[in-house]
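Visitor: In the working numbering, the protein residues as written are 456 to 1360.
All residues carry an ideal CB built from backbone N, CA and C; glycine is no exception.
Below: one structure in structure tokens.
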């Protein structure tokens, strides 16, 4: 027998071990393919899904399409191991991956700028980067479904979730979302677009009836979904809580079958929002495929099994829903490329977040060319703002991301300014919290409140009970800076985007609760002060033991009382609050209370006074303002900056002529009272974890701002196309979309309303010239295909490199049917060096030459001349022309529409 050398023995042993490991690795796959023929990767997704559905029992199929509860995931659907079906492990979006499992990445992921900020880039390549980053992080943090993007049209400036979606224009939304979804799903993560449909307010979110015409639904609200379905192979759609034309969205066959599947050719599955399903047979028969959360809280599971037994639901309907889900799981790679638990690249993703954040920023105003800041002419900068020393400005609710790290505006500005420029900070006002969503006067500033006379800290002594009668020992006590309470849904773990400088209240107070605040109030000036409470539930205010306010709080309401207060005198104050309202949804509303006031004339908060003193001795003042937006039960009550930030801007602008306002808000704010008092305004949206560096990049000119507004900024609350109570928030829980197709800039132009800043507006540190507009109908494929395009020359006439978004709008169409004065038909973002010119060609959206004919139930393209407007915004039109849509072209587009509908049916 041959004897091997020691080296050869080792090689032989290694070889045997290698073959053993290889056989172990391959064997399960081979066995799996034999036992589970649907695991054969050579088969199509359709074939694999069909094989699997045929193998499943009815009970298993019902179990599969009924969701489950798993606190480690936003939404969840258990896998079925006996068939090799993986779980649907879903993460809330759409501005990053919301991680609930503490074992995964310490529950941290990259916090990107808000979706509305992304829309402000008007850059589909940036949307692709955004979606790819989210997809990468989702896949590597055990998630295989992302809930987002939001495709809800920003119908007005009040909607508390506007920041989660992509603006007021359906074409812009569709283009940005298509790139976002394509990139995200490229990571073997399935995308769920939401919220389908007419989900445009949080007020009465579970019960409101959104009533709109078929034309408005097709031309405005369903168009972003249509674009993503057609161009991004969308995996799933989430139906919303609300009713649409008096039928709940998740059991609405007109929406889920007639429009979504028969007209838009959607091949994915429909899942309910969390608890949005309201029926058993009606919902699945209408087109709902997956109920979430399902058991033990839902209406499917055993109830659906019984409905099949009773003949209310056919088994083929169950098969169809199971097939739709499984097909998408196979098609998007969820079976073959399962989600992993791997570290994410924090540094690289942070750099992407910074680049995107800088591109989202819109230079609204730049009088005297204050920006970019010239470091050669500055010795000192005052950074002012309630939360400018934190990076807490973000939208609350299910979209809130726990960031891997943060850079505050103060940190970013200090770092960029360097050691030669002194950067100092003053808060200016109290920090922002969920309480700032509530209506009524601003909360009494903390500087006028003391927990007891002579105290060195500001605020009131607060005690909280987890019952509504102040029984037993309080569950929490602290010094509350202000009485500005908004708990319930807003205080769920990970949902609260309040300032990190404020104390967090325990979640045990999210249900029925009570509270008591005691201390003293001391004012600097004698006069009349109008005290108030805004509360849902009863609230009482005592001054020196005298009851001055008794607010029954049967609904969220404000009660006011004017009192005389003398300067320098300590007045004992006691505020009592109970959640003794009768609303059945009270456990989610929780405690809502604000102690507010309208101060006597010329009373200035000490925080504001300190900021003014800092601004006086600084060469420039950068004021970082913010709002609070969140899903929940109320929308924004007005467009004002909360917590006296408007007064802060006005007072600072009196003493410093180089004032820059960086506004971090979910959507538009009212600027009429202070816009003309400052030089520069930058709309920064909610800029994510790299906000400080991104703000500094723009302020100092390292990045030339190129953002454009994806929404119109109104002058005030009333100067909009949606300005009646029946339009918003609705009467008796019915919201009527009487503005019809005239949403956003369409309505502003139609109604002759002048906005503060137009849709598409955004300045640059350079200038651009537009010349030589040409329009034409192109023909390709031997004349069988037609399209409309424009060409023009764009020149950078300034001194620095910059990017311009060339926007093309069509005017009124040649028809007796009323159409929009302008509608976005195409756009392109172009970067140019100084003095350079580029020929820009933009293919226009055929829908911009068409309207939806309700009588025919189809899109119609009329023949005739159509005005063409090209410019830097919807109001800043640089070139005008027209295009003639011949009968031949009209017939072509009409045939394409009909062919499209026929193929979809």
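(1) Given residue 914, which residues of its chain have a CB within under 8 angstroms of its CB, disregarding the five upstream and five downstream residues?
(2) Have a look at residue 812 and residue 581 and give me their C-alpha separation to the nearest angstrom.
(3) With DSSP as the reference, identify every bridge partner of residue 881, one or two as the case may be.
(4) Less than 8 angstroms between the C-beta atoms of residue 1261 and residue 1208, yes or no?
(5) Helix, strand or coil for residue 844? Go by DSSP, reduced to three states.
(6) Can you tell me whether DSSP reads residue 546 as helix, strand or coil?
(7) Once the 5 residues before and after residue 1227 are set aside, which same chain residues still bring their CB inside 7 angstroms of it?
(8) Round the Cβ separation of residue 988 and residue 1028 to the nearest angstrom and send it over; I've been treating them as touching at under 8 angstroms.
(9) Following the continuous beta strand (DSSP E) through residue 918, name the residue where it begins and the one where it ends.
(10) Answer with buried or exposed for residue 736, where buried requires no fewer than 16 other C-beta atoms within 10 angstroms of its C-beta.
(11) Are residue 696 and residue 661 touching if we call contact CB-CB under 8 angstroms?
(12) Taking 8 angstroms as the cut-off, does the stretch 559-568 touch the stretch 586-603 (at least 3 CB pairs, one atom from each stretch)?
(13) Can you tell me whether residue 572 is helix, strand or coil according to DSSP?
(14) Going along the chain, which residues of its own chain have a beta-carbon closer than 7 angstroms to the beta-carbon of residue 1189, five neighbours each way excluded?
(15) For residue 1000, does the count of other Cβ atoms within 10 angstroms reach 16, so buried, or fall short, so exposed?
(16) Closest to residue 1230 by CA distance: which of 1338, 516, 947, 785 is it?
(17) Jot down the residue ranges of each uninterrupted beta strand (DSSP E) in the stretch 1279-1308, minimum 3 residues, whole runs only, in chain order.
(18) Beta carbon of residue 841, beta carbon of residue 1098: below 8 angstroms?
(19) Starting from residue 588, trace the alpha helix (DSSP H) both ways and give me its first and last residue.
(20) Does the Cβ of residue 748 have 16 or more other Cβ atoms within 10 Å, making it buried, or fewer, making it exposed?
(21) Residue 519 lies in the alpha helix (DSSP H); which residues open and close that run?
(22) Report yes or no: do three or more beta-carbon pairs, one from the stretch 1194-1202 and one from the stretch 668-678, lie closer than 8 angstroms?
(23) Can you have a look at residue 945 and say buried or exposed, based on whether 16 or more other CB atoms are within 10 angstroms of its CB?
(24) Alpha helix (DSSP H) containing residue 650: first to last residue?
(25) Taking DSSP's pairing of strands, which residues face residue 664 in a bridge?
(26) Below 7 angstroms CB to CB, which residues in the same chain sit around residue 1321 once its five sequence neighbours on both sides are set aside?
(27) Quick check on this structure: which residue in 549, 1259, 722 has the alpha carbon closest to the alpha carbon of residue 1159?
(28) Do the stretch 756-771 and the stretch 788-797 make contact, defined as three or more Cβ pairs closer than 8 angstroms?
(29) In angstroms, rounded to a whole number, what distance separates the CA positions of residue 714 and residue 493?
(30) How should residue 761 be labelled, buried or exposed, when 16 other C-beta atoms within 10 angstroms of its C-beta is the threshold for buried?
(31) I'd like to check one pair, residue 704 with residue 745: are the Cβ atoms closer than 8 angstroms?
(32) By the DSSP assignment, the beta strand (DSSP E) with residue 968 in it spans what residues?
(33) At a cut of 8 angstroms, does the stretch 598-613 reach the stretch 544-560 through at least three beta carbon pairs?
(34) For residue 1046, does the count of other Cβ atoms within 10 angstroms reach 16, so buried, or fall short, so exposed?
(35) Which value, in whole angstroms, describes the spacing of the CA atoms of residue 618 and residue 1171?
(36) For residue 738, report the span of its alpha helix (DSSP H) as first-last.
Guide: Short version:
(1) 901, 904, 905, 906, 934, 935, 936, 937, 974
(2) 10 angstroms
(3) 839
(4) no
(5) coil
(6) strand
(7) 1247, 1248
(8) Contact flag wrong, Cβ pair sits at about 12 angstroms.
(9) Secondary structure note for residue 918: its beta strand (DSSP E) is the uninterrupted segment 915-920.
(10) buried
(11) yes
(12) yes
(13) If DSSP states are grouped into helix, strand and coil, residue 572 belongs with the helices.
(14) 664, 666
(15) exposed
(16) 1338
(17) 1292-1298, 1306-1308
(18) yes
(19) 579-594
(20) buried
(21) 513-520
(22) yes
(23) buried
(24) Not the alpha helix (DSSP H): residue 650 falls in the beta strand (DSSP E), residues 645-651.
(25) 698, 1189
(26) 1265, 1266, 1268, 1269, 1304, 1337, 1338, 1340
(27) Minimum Cα distance to residue 1159 is reached at 1259.
(28) no
(29) 31 angstroms
(30) exposed
(31) no
(32) Premise fails: residue 968 is in no beta strand (DSSP E) and is neither H nor E.
(33) yes
(34) buried
(35) 19 angstroms
(36) 736-741
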